[in-house]
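Add 3 to a position in the first sequence, counting from 1, and you land on the number used in my numbering. Every residue, glycine too, gets a C-beta built ideally from N, C-alpha and C. Owing to the predicted nature of the structure, the values given are computational and were not obtained by experimental measurement. First comes the structure, then the notes that go with it.
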Amino acid sequence: MITAKSFATKMLKFYDELGRKDLPWQQNKTGYSVWVSEIMLQQTQVKTVIPYYLRFIRSFPSIKALAKADIDSVLHHWAGLGYYSRARNLHACAKRVVDEFDGEFPQQLDEIVKLPGIGESTGGAILSLAYGQSEAILDGNVKRVLARVFLVDGWYGKSSVAKELWHLSRTYTPKTRTGDFNQAMMDLGASLCARNNPICSECPLSPDCQALLQNKTKEYPHRKPKKAIPTKQATMLLGVNRSKQIQLVKRPPSGIWGGLWSLPELEPPQVKSSLASNKKISDEKMIGQFKHTFSHFHLEVDVIDPNQLSTSPVDIKTGIMVEENTAVAWHNIDQLTELALPTPIKKFLYRHFHIKEK
DNA sequence: AAGGCGGGGGG
DNA sequence: CCCCCAGCCTT
Numbered sequence: 004m005i006t007a008k009s010f011a012t013k014m015l016k017f018y019d020e021l022g023r024k025d026l027p028w029q030q031n032k033t034g035y036s037v038w039v040s041e042i043m044l045q046q047t048q049v050k051t052v053i054p055y056y057l058r059f060i061r062s063f064p065s066i067k068a069l070a071k072a073d074i075d076s077v078l079h080h081w082a083g084l085g086y087y088s089r090a091r092n093l094h095a096c097a098k099r100v101v102d103e104f105d106g107e108f109p110q111q112l113d114e115i116v117k118l119p120g121i122g123e124s125t126g127g128a129i130l131s132l133a134y135g136q137s138e139a140i141l142d143g144n145v146k147r148v149l150a151r152v153f154l155v156d157g158w159y160g161k162s163s164v165a166k167e168l169w170h171l172s173r174t175y176t177p178k179t180r181t182g183d184f185n186q187a188m189m190d191l192g193a194s195l196c197a198r199n200n201p202i203c204s205e206c207p208l209s210p211d212c213q214a215l216l217q218n219k220t221k222e223y224p225h226r227k228p229k230k231a232i233p234t235k236q237a238t239m240l241l242g243v244n245r246s247k248q249i250q251l252v253k254r255p256p257s258g259i260w261g262g263l264w265s266l267p268e269l270e271p272p273q274v275k276s277s278l279a280s281n282k283k284i285s286d287e288k289m290i291g292q293f294k295h296t297f298s299h300f301h302l303e304v305d306v307i308d309p310n311q312l313s314t315s316p317v318d319i320k321t322g323i324m325v326e327e328n329t330a331v332a333w334h335n336i337d338q339l340t341e342l343a344l345p346t347p348i349k350k351f352l353y354r355h356f357h358i359k360e361k
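Okay, structure coming up:
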């Protein structure tokens with residue numbers, strides 16, 4: 004088995020020669036820049052993140068600026084990235100860091116992980132990449148590299164497997180140049196040690212990689228056990244008033260599209276009662292349809308005209324007959340670009356009203 | 001310990 | 001169509 008010293012030496016050489024050092028968040032690295040990028044990069048790839056990161060930093064250049072910002076504005080900058088609790092946690096975290104730590108992250112792992120949205124891996128990344136501390140990380144790239152080099156069995160979503168990988172990561176992470184080492188592990192996992200068609204011939208760890216030596220790189224890391232995802236139906240309302248305003252609801256903070264603006268949605272019993280007089284949605288009521296797939300279910304949506312329903316579907320003051328805990332408001336069509344809208348809702352509205360994608 | 005939570009990219 | 005991804009939080 005490769006020694007920790009040899010492992011680190013090879014990875015640091017890889018970093019020096021081939022590591023990425025030109026990404027936007029690697030210029031003038033600060034706790035803030037590392038933190039924002041790390042949160043964006045959770046479950047999201049570099050290429051996707053870059054434009055979001057640049058816009059975000061342009062609008063919120065410092066953690067104090069972010070702390071002072073409106074949550075709606077933060078969510079607007081996040082719209083399209085998904086996992087919107089990340090944006091809420093980011094904003095809440097900024098406030099706490101400014102209020103409790105004068106704008107600088109606590110530089111101790113057991114303290115930094117108490118902040119919202121910062122777990123063990125992100126905390127380790129901030130401390131090692133921005134503050135030069137010796138803390139290990141364990142993101143998807145590091146997991147894949149370690150699972151292959153040490154032939155770790157099992158899907159790493161299982162806690163027992165993750166625990167083993169954490170142990171390996173801590174064991175092989177060097178005390179010095181930890182940030183460079185961590186960056187090298189992420190770079191290696193994202194480039195040569197990709198999930199499909201890894202380029203082992205160029206990998207500094209190829210002489211030590213158990214998966215390669217046993218010709219099993221394709222099998223490792225073990226995949227997540229797959230299961231069928233259900234399809235859900237929804238009926239949404241597109242209400243437009245005489246001032247060309249659209250009725251939207253702000254979704255509750257947690258759950259799908261938390262905190263974003265969406266179309267009012269009829270819940271199944273209400274669909275039944277609202278449409279009781281007509282068993283089927285007629286062509287006049289139907290405005291359009293769209294589909295969207297989440298990680299855990301398919302969603303098929305009928306968009307109908309609330310004015311065509313036999314009973315009044317929505318009381319805009321009380322929100323009765325739309326989901327509870329949602330704010331209802333009318334928005335000008337030409338102001339839609341200023342709102343935090345979920346991608347499929349945005350695409351539908353833009354298409355329907357012939358709004359140009361920016 | 002397991003499940004919830006998006007959306008994009010690539011095969 | 002499929003799978004995967006720079007995880008964290010709640011239950």
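- Task: My understanding is that Leu208 touches Lys13, with C-beta atoms under 8 Å, so please give their C-beta distance in whole angstroms.
- Result: Contact holds; Cβ gap of about 6 Å.
- Query: Skipping 5 residues on each side, what residues in its chain have a beta carbon closer than 7 Å to that of Pro347?
  - Reply: The beta carbon of Pro347 lies closer than 7 Å to those of Phe293 and His295 in the same chain, with the five residues before and after it left out.
- Item | Sequence-distant residues of its chain with Cβ nearer than 6 Å to Ile74 (five each side left out) | Here the set comprises His94.
- DSSP beta-bridge partners for Phe293? Residue pairing for Phe293: DSSP places it in a beta bridge opposite Val304.
- Task: Starting from Thr234, trace the beta strand (DSSP E) both ways and give me its first and last residue.
- Result: Thr234 to Leu240 is the extent of the beta strand (DSSP E) around Thr234.
- Task: Please state whether DSSP places Glu360 in a helix, a strand or coil.
- Result: In the displayed model, Glu360 falls within coil according to three-state DSSP, outside both helix and strand.
- Message: Closest to Lys185 by C-alpha separation, out of Lys350, Leu149 and Glu107, would be which residue?
- Response: Per the sequence shown, the amino acid found at residue 185 is Asn instead of Lys. Asn185 has its Cα closest to that of Leu149, out of Lys350, Leu149 and Glu107.
- Hey, could you find the ends of the alpha helix (DSSP H) Ile249 is sitting in? Segment Gln248 to Lys253 is the beta strand (DSSP E) holding Ile249; no alpha helix (DSSP H) there.
- When the Cα atoms are used, what is the spatial distance from Pro119 to Arg89? Distance from the CA atom of Pro119 to the CA atom of Arg89, rounded to whole angstroms, is 9 Å.
- Task: Would you mind giving the Cβ-Cβ distance between Thr181 and Ser137, rounded to the nearest angstrom? I have them listed as a contact below 8 Å.
- Result: Right, their Cβ atoms sit about 4 Å apart.
- Query: What are the boundary residues of the beta strand (DSSP E) that Val331 is part of?
  - Reply: Counting along the chain, the beta strand (DSSP E) containing Val331 begins and ends at Ala330 to Asn335.
- Can you say whether Trp260 is buried or exposed, counting buried as having 16 or more other CB atoms within 10 angstroms of its CB? Buried, by the Cβ-count rule.
- For Ile319, I'd like the list of residues in its chain whose CB is within less than 7 Å of its CB, leaving aside the five on either flank, ordered along the chain. Note on Ile319: pLDDT 41, under 50, position unreliable in the model; the coordinate value appears next. So the list reads Gln250 and Val331, once near-sequence residues are dropped.
- Query: Just checking, does the stretch 97–110 make contact with the stretch 10–25 on the three C-beta pairs under 8 Å criterion?
  - Reply: Taking one beta carbon from each stretch, the stretch 97–110 and the stretch 10–25 have fewer than 3 pairs nearer than 8 Å; the two do not touch.
- Item | Cys196, enclosing alpha helix (DSSP H) - first and last residue | Secondary structure note for Cys196: it is in no alpha helix (DSSP H), with a DSSP letter that is neither H nor E.
- Query: How would you label Asn144, buried or exposed, when you count the other beta carbons within 10 angstroms and need 16 or more for buried?
  - Reply: Buried, because 16 or more other Cβ atoms sit within 10 Å of the Cβ of Asn144.
- Query: Would you call the stretch 159–176 and the stretch 199–217 in contact, with 3 or more CB pairs under 8 Å?
  - Reply: No contact exists between the stretch 159–176 and the stretch 199–217.
- Message: Can you check which of these residues, Phe351, Leu342, Pro27 and Met4, is closest to Leu171 by C-alpha distance?
- Response: Looking at Phe351, Leu342, Pro27 and Met4, the one whose alpha-carbon comes closest to that of Leu171 is Met4.
- Message: Can you tell me whether Gly242 is buried or exposed? The criterion is at least 16 other CB atoms within 10 Å of its CB, across all chains shown.
- Response: The residue in question, Gly242, is buried, as its Cβ has 16 or more Cβ neighbours within 10 Å.
- Decide yes or no for the touch test of the stretch 55–62 against the stretch 75–86: beta carbon pairs closer than 8 Å, at least 3 of them. Short answer: they touch.
- Query: Of the residues Glu20, Phe297 and Met43, which one's Cα is nearest the Cα of Pro27?
  - Reply: Considering only alpha carbons, the answer is Met43.
- Item | Residue range of the alpha helix (DSSP H) that includes Lys16 | Annotation: the continuous alpha helix (DSSP H) that includes Lys16 extends over Ala7 to Leu21.
- Task: Leaving out five residues on either side along the sequence, give the residues of the same chain with a beta carbon under 6 Å from the beta carbon of Cys206.
- Result: Around Cys206: Leu195.
- According to the Cβ coordinates, are Thr176 and Ala133 closer than 7 Å? Contact: no.
- Query: Apart from the five residues just before and just after Asn310, which ones in its own chain have a Cβ nearer than 8 Å to its Cβ?
  - Reply: These residues qualify, in order along the chain: Gly242.
- Out of Pro233, Cys212, Ala231 and Asp19, which has the shortest C-alpha to C-alpha gap to Pro224? Comparing Cα-Cα distances from Pro224 to each of Pro233, Cys212, Ala231 and Asp19, the minimum goes to Cys212.
- What span of residues does the alpha helix (DSSP H) with Thr51 cover, start to end? Note, Thr51: alpha helix (DSSP H), Val49 to Ser62.
- Assign Ala231 to one of two classes, buried (16 or more other C-beta atoms within 10 Å of its C-beta) or exposed (fewer than that). By the Cβ neighbour-count rule, Ala231 is exposed, with fewer than 16 other Cβ atoms within 10 Å of its own.
- Message: Check this for me: beta carbons of Ala128 and Glu41, under 7 Å apart or not?
- Response: Yes.
- Item | With 16 other Cβ atoms within 10 Å as the buried cut-off, status of Tyr18 | Tyr18 comes out buried.
- Message: According to DSSP, simplified to helix, strand and coil, what is Leu168?
- Response: In the three-state scheme derived from DSSP, where H, G and I count as helix and E and B as strand, Leu168 is classed as helix.
- Local Cβ density within 10 Å of Ile202, reported as buried at 16 or more and exposed below that: Using a 10 angstroms sphere on the CB of Ile202, the tally of other CB atoms stays under 16, which defines it as exposed.
- How would you label Lys253, buried or exposed, when you count the other beta carbons within 10 angstroms and need 16 or more for buried? The C-beta of Lys253 has 16 or more other C-beta atoms within 10 Å across all chains shown, which makes the residue buried.
- Item | C-alpha distance - Phe356 paired with Phe297, whole-angstrom precision | In this structure, the straight-line span from the alpha carbon of Phe356 to that of Phe297 is close to 25 Å.
- Task: State yes or no: is the C-beta of Pro233 within less than 7 Å of the C-beta of Phe300?
- Result: The criterion of a C-beta distance shorter than 7 Å is satisfied by Pro233 and Phe300.
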